[in-house]
Amino acid sequence: MNTLVTQADDKSAVQPSYSKILELTPHTGWAAEFWQSLTPLKDQVANHPFFQDIADGKMTHEGFKYALLNLYPLVGHFPSYMALNLAKAIRFEQPGVLEARNWLIRNIKTEERHLFWYRDWAEGFGVPISALNHVTPPPAMNAVNHFLWNINTYGTLAEGIAATNLAIEWATGDWTIKVFKGMQAYANKAGMTIDTRTLAWLRAHAQYDDEHPHEAMELVKRLCDHDPVQQEKARHAAEQGLGYYHLAIDHCYGAI
Ligand SMILES: [Fe+2]
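Be aware that the sequence shown starts at 392, since it is given in our numbering, and climbs by one per residue.
Here it is as structure tokens:
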């Protein structure tokens with residue numbers, strides 16, 4: 392048999408080592424405590440009555456429009472937050488840094504499509520792109536953005552991943568599951584188009600994106616192992632990320 396053909400058929404022979412998937416390990420010791428301490432805060436966001444109302448088919452058209460408009464910067468800027476953090480991933484001799492670099496690059500690339508899927512949802516629900524492009528969310532909904540700009544600029548690599556990819560993507564992966572299931576309730580309502588285009592963003596986050604928080608936790612473990620000070624800083628960053636996310640959703644719920 393031709394050796395060249397054999398090698399080309401064997402994917403492991405041609406795939407460079409950087410494409411290896413990040414292997415998840417069980418949470419033990421400090422990592423288990425870290426994860427457990429954040430779970431109730433994540434649940435507060437994911438189980439917020441705002442998301443429950445949407446899942447139960449009770450959200451008004453105005454409520455959807457307000458939320459889609461004012462949450463747009465969080466979605467639209469998400470890869471930029473990661474890019475700020477990626478700029479710090481340069482000390483390849485340190486544990487976890489090379490894996491964090493590779494993972495952030497892949498995640499940023501994925502987010503390229505998510506912006507457009509979110510815009511399709513917003514447009515299908517009556518929010519024009521011109522409005523999205525010019526939105527300044529109310530302070531309580533924009534605080535999460537200011538926090539993420541700040542922590543990804545001035546925090547450590549682990550703090551940025553904890554605040555952004557662990558905290559925000561974790562809660563988002565959870566609430567999108569129940570919201571996605573409830574969206575058919577709006578199929579015949581005025582001003583709301585339900586189809587594969589308008590549901591693409593929700594579907595993505597309810598399905599494959601939910602691996603991201605687990606991968607983010609794995610990176611935090613590798614970056615902070617054996618360093619209790621860094622572990623606590625990363626935990627605090629995730630706690631703050633969830634706190635600001637909760638503040639945004641609380642405000643949104645109160646305003647509609
Ligand atoms: Fe996304």
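Think of the CB as a built atom: it goes at the ideal place given N, C-alpha and C, for glycine as much as any other residue.
> Within the present structure, is the beta-carbon of Glu502 separated from the nearest heavy atom of ligand 3 by less than 7 angstroms?
Replying inline: Questions concerning ligand 3 fall outside what the structure shown contains, since the ligands it does hold are ligand 1.
> So, do the region 628-645 and the region 414-434 have three or more beta carbon pairs nearer to each other than 8 angstroms?
Replying inline: yes
> Would you say the beta carbon of His642 comes nearer than 7 angstroms to a heavy atom of ligand 1?
Replying inline: For the purposes of this step, residue 642 is taken as residue 251 along the sequence shown, with counting starting at 1. False, no ligand heavy atom lies under 7 angstroms from that Cβ.
> What is the DSSP secondary structure of Val396, reduced to helix, strand or coil?
Replying inline: To locate residue 396, count along the sequence shown from 1; it is residue 5. Unreliable placement is indicated for Val396, whose pLDDT of 46 sits below 50; the coordinate value is still reported in the next sentence. Here Val396 sits in helix by DSSP.
> Applying the criterion that 16 or more other CB atoms from any shown protein chain within 10 Å of the CB defines a buried residue, is Thr527 buried or exposed?
Replying inline: What you label residue 527 is simply residue 136 of the sequence shown in a count that begins at 1. Its Cβ having fewer than 16 others within 10 Å, Thr527 is exposed.
> So what does DSSP say about Met583, is it helix, strand or coil?
Replying inline: One-based indexing of the sequence shown puts residue 583 at position 192. Coil at Met583, not helix or strand.
> For Tyr644, which three-state DSSP category applies?
Replying inline: Here residue 644 refers to the residue found at position 253 when the sequence shown is read from its first residue. It is helical.
>> Going residue by residue through the region 577-640, where are the continuous alpha helix (DSSP H) segments of at least 4 residues, counting only ones entirely within it?
In response: 587-597 and 603-615
> Within the chosen definition, does the region 611-618 reach the region 497-506 through at least 3 CB pairs nearer than 8 angstroms?
Replying inline: no
> Does the beta carbon of Phe469 fall short of 7 angstroms from some heavy atom of ligand 1?
Replying inline: On the sequence shown, residue 469 is found 78 positions in, with the first residue counted as 1. Yes; taking the cut-off as 7 angstroms, the Cβ of Phe469 has a heavy atom of ligand 1 nearer than that.
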